[in-house]
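For reference, the structure discussed in these notes is given below.
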Amino acid sequence: MKKRICILYTGGTIGMVPTEKGYAPKKGYFYDRLRAIEDLNEPNMPDWDMIEFEPLLDSSNIAVDQWNQIGRAIRDNYDTYDGFVVLHGTDTMAYTASALSFMLEGLSKPVILTGSQIPLCQLRSDARDNLITSVLIAGQGIVHEVCLYFGGKLLRGNCAVKTSADGLIAFDSPNFHSLAEAGIDIHYNTDAIVPPSKGVSLNLVEFRQTSIGVLKVFPGIQFSLFESIMTESLKGIVLETFGAGNIPSYDDALLPIIKKAFEHGTIVTVCSQCPSGTVKLGAYQTSAALTGAGAVSGYNMTTEAAVAKLYYLFSLDLDRDLIKTKMEENLRGELIK
Ligand code: ASP
79 MKKRICILYT GGTIGMVPTE KGYAPKKGYF YDRLRAIEDL NEPNMPDWDM IEFEPLLDSS
139 NIAVDQWNQI GRAIRDNYDT YDGFVVLHGT DTMAYTASAL SFMLEGLSKP VILTGSQIPL
199 CQLRSDARDN LITSVLIAGQ GIVHEVCLYF GGKLLRGNCA VKTSADGLIA FDSPNFHSLA
259 EAGIDIHYNT DAIVPPSKGV SLNLVEFRQT SIGVLKVFPG IQFSLFESIM TESLKGIVLE
319 TFGAGNIPSY DDALLPIIKK AFEHGTIVTV CSQCPSGTVK LGAYQTSAAL TGAGAVSGYN
379 MTTEAAVAKL YYLFSLDLDR DLIKTKMEEN LRGELIK
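The working numbering puts the sequence shown at residues 79 to 415.
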């Protein structure tokens with residue numbers, strides 16, 4: 079039986095057209111363009127349908143409501159299709175891939191996010207390959223998780239980061255192998271692929287709007303400037319530290335602030351500014367006190383995954399200690415200790 083794929087078109091460069099103010103998506107324009115791509119409609123390809131989102135977005139405008147909208151579209155069409163391809167802008171694709179990986183509990187079908195750096199309608203567009211290969215991968219059904227396909231690489235969605243603003247190989251997952259590479263053939267790295275969830279049905283956890291912040295540490299940072307936002311306004315903070323989790327110790331303000339934030343119920347997760355490698359709290363004096371102050375280690379999670387995981391765990395209504403524990407656990411392949 080021919081596989082059936084549902085393409086969810088949310089916006090992004092892939093379907094954009096030039097306007098006086100720069101590229102923008104155009105309502106009702108893209109479906110006919112896809113139908114005109116011969117390879118997408120040839121007999122060896124899965125059958126596909128497309129759902130166009132309203133409004134189509136530049137992905138810089140994606141927020142919790144749109145993640146929920148994508149999640150609901152997958153849940154509502156889950157039994158009808160063998161896999162899903164989500165067309166999305168590249169700017170926040172890694173965040174959305176991370177968010178979907180957490181919100182789609184019990185997923186056992188492929189969900190592949192893709193897009194392009196050059197619109198389909200332009201010369202030298204990378205849209206065709208990204209799209210055709212994503213539909214093929216979704217139809218092959220070898221992966222059963224949320225992935226991101228771009229520039230010949232299939233990546234675990236919650237390990238992916240956008241690494242280039244203009245290159246056609248725009249994504250990487252510096253802390254985890256590619257799940258597949260598409261050259262002449264598509265080679266899957268079967269050891270890296272998680273087995274499908276068995277005997278559980280799909281459950282969508284819609285995200286709640288939650289006050290989450292990302293604070294990047296830099297030389298000369300005055301933590302006291304951030305005190306009120308860290309201790310009063312935010313429920314979850316991703317602290318992007320140096321190297322293996324280090325913070326400057328010239329300023330005594332940070333640890334009491336983290337302690338106060340923790341007492342206030344805020345989860346402070348320590349990630350690294352380095353794209354690859356892992357946080358090791360206590361490896362240096364400059365990180366040793368973070369754990370005592372109540373911070374949790376994000377190990378080698380990307381900031382994108384840590385942000386999405388905080389939204390997810392806060393949406394589950396767990397108590398603070400359980401959120402802390404789960405932030406340090408591997409839930410969907412996003413973290414390796
Ligand atoms: N600004 C665009 C977006 O994220 C960039 C892209 O799709 O490549 O929607």
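We put the beta carbon where it would ideally sit given N, CA and C, even for glycine.
Cβ atoms of residue j and residue i: under 8 Å apart, would you say?
i	j	result
residue 179	residue 236	yes
residue 41	residue 231	Here the chain covers residues 79 to 415 and nothing more, so residue 41 does not appear.
residue 161	residue 217	yes
residue 128	residue 109	yes
residue 357	residue 405	no
residue 204	residue 196	yes
residue 247	residue 215	no
residue 167	residue 149	no
residue 92	residue 165	yes
residue 185	residue 275	yes
residue 136	residue 106	no
residue 407	residue 283	no
residue 388	residue 323	no
residue 309	residue 339	yes
residue 363	residue 329	no
residue 377	residue 415	yes
Please report how far the alpha carbon of residue i lies from the alpha carbon of residue j, in whole angstroms.
i	j	result
residue 360	residue 213	45 Å
residue 188	residue 219	6 Å
residue 332	residue 321	17 Å
residue 95	residue 319	39 Å
residue 350	residue 240	16 Å
residue 298	residue 226	36 Å
residue 304	residue 291	11 Å
residue 102	residue 409	36 Å
residue 254	residue 353	11 Å
residue 139	residue 100	16 Å
residue 122	residue 199	24 Å
residue 144	residue 163	16 Å
residue 120	residue 306	59 Å
residue 365	residue 296	15 Å
residue 281	residue 98	43 Å
residue 269	residue 348	29 Å
residue 466	residue 399	Residue 466 falls outside the range modelled here, since the chain spans only 79 to 415, and no answer is possible.
residue 134	residue 334	44 Å
residue 159	residue 394	27 Å
residue 262	residue 355	31 Å
residue 202	residue 245	12 Å
residue 238	residue 169	12 Å
residue 289	residue 151	25 Å
residue 302	residue 311	15 Å
Leaving out five residues on either side along the sequence, give the residues of the same chain with a beta carbon under 6 Å from the beta carbon of residue i.
i	result
residue 386	176, 177, 180
residue 271	221, 257
residue 142	285, 287
residue 383	176, 236, 412
residue 326	none
residue 223	272
residue 173	382
residue 132	none
residue 278	184
residue 243	none
residue 115	none
If I measure Cβ to Cβ from residue i and keep anything under 7 Å in the same chain, skipping five residues before and after, which residues do I get?
i	result
residue 402	345, 374
residue 233	225, 226, 249, 251, 256, 257
Could you pull out every residue in the same chain whose Cβ sits closer than 8 Å to the Cβ of residue i, ignoring the five residues on either side in sequence?
i	result
residue 337	371, 372
residue 118	112, 126, 209, 210, 213
residue 104	93, 94, 95, 134
With a threshold of 7 Å (Cβ to nearest heavy atom), would residue i be considered close to the ligand ATP?
i	result
residue 200	Judged by which ligands are present, the ligand ATP is missing from the structure shown, whose ligands are the ligand ASP.
Is it a yes or a no for the stretch 342 to 355 touching the stretch 304 to 319, going by three-plus beta-carbon pairs under 8 Å? With contact defined as three or more Cβ pairs closer than 8 Å, the stretch 342 to 355 and the stretch 304 to 319 are in contact.
So does the stretch 81 to 100 actually touch the stretch 146 to 159, counting three or more Cβ pairs closer than 8 Å? The stretch 81 to 100 makes contact with the stretch 146 to 159; the number of CB pairs closer than 8 Å reaches 3 or more.
Which residue spans inside the stretch 281 to 344 form an unbroken beta strand (DSSP E) run of at least 3? Taking only runs of at least 3 residues, the beta strand (DSSP E) segments lying wholly in the stretch 281 to 344 are 290 to 294, 314 to 319.
In chain order, which continuous runs of the alpha helix (DSSP H) of length 4 or greater are located wholly inside the stretch 113 to 154? Qualifying alpha helix (DSSP H) stretches, in chain order: 142 to 154.
Whole runs of the beta strand (DSSP E) within the stretch 186 to 240, excluding any shorter than 3 residues: DSSP runs (the beta strand (DSSP E)) wholly in the stretch 186 to 240: 189 to 192, 224 to 228, 231 to 234.
Length at least 4, wholly inside the stretch 354 to 380: the alpha helix (DSSP H) runs in chain order: If you keep only unbroken alpha helix (DSSP H) runs of at least 4 residues inside the stretch 354 to 380, you get 363 to 370.
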